[in-house]
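> In UniProt numbering, the protein residues as written are 1 to 389.
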């Protein structure tokens, strides 16, 4: 082979990645956006030639950026749906174009046929059906308690240097998964060996332990129940029966579930952080649900507590209204505008359609909460059309 043909290999690059280039469709450092070359860019929020945001735009990409308005989507818009029974949906914050961090239900939370673990539902029944077919089911616990303590290919708690580790009795339910299955090969790849054994009167079908495929192919799935409040899990490579990883104080008031950050994810109708008060649902991890009642909201939630705005409206607005009315009547009384007649003469303004006759009559009613010695008067306003045919 011509050694000159290999000279290119001596040109060792000094950078792990190519230099940033506007128009390559990748937002690099120093770029606000990058929608590709101008002839292919169809993003109205990004200036293709300079990779900068368009005028009045605050975002140009991201699952929470509204490309129609070039603004972050309103808070509560779902940006990532729940993928499994043990996942939780995420919602836009209203302040960022990016979706909130992906979180799941806390390990140990109930799911269909099992418990959540690392975002997946650990179920013996579900695993047996996936391996052996829809008619399969979990075998008797006797299969685990009698076979898994032997440490053989037919029952164990995972591999070790000299074969298979024997399960302790208290963790035997977390060893090899035993199922009631039809008399046919499993659905796994052909290199997976399967077998059957008996534990007393019970038939036990299993995937044989082997160094040719990962241990989780034959072991009981993480999250399967193995005792009161305990689930199967591996820690530092050792299989065991353990309690849940965390707990939300107060149990989310019974109106939510714990997420993987050990925060309450409240059901719709309850507010974080502990789901004890009415609210829109979600959690403090920037994933609050939107108001799906159809009512257009005229106030953004203050901070992370949407009830604050409602409380201010209910408490302060009536007081402010009464205060404004009292100040108006107090000023009018102070200036002694009693029995004054304000008349707008016809013809002073060609566009005038009516005259306003403002008459304040006295004596007025005295308020029990006003300034001592002052009278609160009532204004009578009469609007009379002028020059109408």
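For every residue, glycine included, the Cβ atom is placed at its ideal position computed from N, Cα and C. Predicted model only: the values in this text are computed from it and were never measured.
Here's the rule I'm using: 16 or more other beta-carbon atoms within 10 Å means buried, otherwise exposed. How should residue 88 be labelled?
Under this definition residue 88 is a buried residue.
> With 16 other CB atoms within 10 Å as the buried threshold, where does residue 169 fall?
When all chains shown are included, residue 169 counts as exposed.
> If we count Cβ pairs, one from each stretch, closer than 8 Å, do we get three or more for the segment 132 to 151 versus the segment 174 to 191?
With the cut-off at 8 Å, the segment 132 to 151 and the segment 174 to 191 touch.
> What first and last residue would you give for the beta strand (DSSP E) that runs through residue 203?
202 to 207 is the span of the beta strand (DSSP E), which, as asked, contains residue 203.
> Give the DSSP bridge partners of residue 72, in chain order.
Per DSSP, 65.
> Just to confirm, is the Cβ distance from residue 223 to residue 114 under 7 Å?
Yes. Within cutoff.
> If we count the other Cβ atoms within 10 Å of its Cβ and call it buried at 16 or more, is residue 104 buried or exposed?
Residue 104 comes out buried.
> Counting pairs of beta carbons, one from the segment 77 to 88 and one from the segment 97 to 112, are three or more of them closer than 8 Å?
Result yes; three or more Cβ-Cβ pairs closer than 8 Å.
> Between 40, 39, 61 and 56, which has its C-alpha nearest residue 31's C-alpha?
The option with the nearest alpha carbon to residue 31 is 61.
> Report the three-state DSSP secondary structure of residue 141 (helix, strand or coil).
Residue 141 falls in the helix class under three-state DSSP.
> Quick check: what's the CA-CA separation for residue 297 versus residue 74?
Its pLDDT being 36, under 50, residue 297 is placed unreliably by the model, and the measurement read from it follows with that caveat. Those two C-alpha atoms are separated by around 11 Å.
> Look up residue 56 in the DSSP assignment and say whether it is helix, strand or coil.
Note: residue 56 maps to coil in three-state DSSP.
> How about the segment 151 to 167 and the segment 121 to 133: do they share at least three Cβ pairs that are nearer than 8 Å?
Segments in contact, no.
> Rounded to whole angstroms, what's the CA-CA distance from residue 180 to residue 251? Just pull it up for me.
Their backbone Cα atoms lie some 36 Å apart in a straight line.
> Relative to the C-alpha of residue 142, which residue among 131, 49, 70 and 171 is closest?
Out of 131, 49, 70 and 171, 171 has the C-alpha closest to the C-alpha of residue 142.
> Three-state secondary structure (DSSP) at residue 363?
Because the pLDDT of residue 363 is 44, which lies under 50, any placement of that residue in the model is unreliable, and the number read from its coordinates should be weighed accordingly. Residue 363: strand per DSSP, three-state reduction.
> Leaving out five residues on either side along the sequence, give the residues of the same chain with a beta carbon under 7 Å from the beta carbon of residue 217.
Excluding positions up to five away in sequence, the list reads 188, 192 and 207.
> Taking only three categories from DSSP, how would you classify residue 125?
Residue 125: helix per DSSP, three-state reduction.
> Secondary structure at residue 239, three-state DSSP: helix, strand or coil?
It is a strand residue.
> Out of 233, 232 and 278, point me to the one whose CA is closest to residue 254's CA.
With distances taken between Cα atoms, residue 254 lies closest to 278.
> Quick check on the burial criterion: 16 or more other C-beta atoms within 10 angstroms. Buried or exposed for residue 107?
Per the 10 Å Cβ criterion, buried.
> Considering residue 78, what are the terminal residues of the beta strand (DSSP E) in which it resides?
From DSSP, the beta strand (DSSP E) with residue 78 extends over 78 to 80.
> Taking 7 Å as the cut-off, decide whether the C-beta atoms of residue 265 and residue 284 are in contact.
No. Outside cutoff.
> Count the other C-beta atoms from every protein chain shown that fall within 10 angstroms of the C-beta of residue 219, then say buried if there are 16 or more, exposed otherwise.
The residue in question, residue 219, is buried, as its Cβ has 16 or more Cβ neighbours within 10 Å.
> Ends of the beta strand (DSSP E) at residue 194?
Residues 194 to 199.
> With distance defined between alpha-carbon atoms, name the residue in 68, 72 and 110 nearest to residue 85.
It is 110.
> What does a CB cutoff of less than 6 Å around residue 391 pick up in its chain, not counting 5 residues either side in sequence?
Coverage of the chain is limited to positions 1 through 389, which leaves residue 391 absent and any answer about it impossible.
> Can you give the Cα-Cα distance for residue 59 and residue 195, rounded to whole angstroms?
Whole-angstrom Cα-Cα distance: 58 Å.
> Verify whether the separation of the beta carbon atoms of residue 70 and residue 57 is less than 7 Å.
Yes, the Cβ-Cβ distance between residue 70 and residue 57 is below 7 Å.
> Closer than 8 Å by C-beta to residue 130: which residues in its own chain qualify, once you throw out the five before and the five after it? Chain order, please.
The answer, listed in chain order, is 187.
> What would DSSP say about residue 97, mapped onto helix, strand or coil?
Residue state, collapsed to three classes: coil.
> In this structure, does DSSP put residue 225 in helix, strand or coil?
Residue 225: strand per DSSP, three-state reduction.
> Compute the Euclidean distance between the alpha carbons of residue 54 and residue 233, then round it to the nearest angstrom.
If I take the Cα positions, the gap works out to 51 Å.
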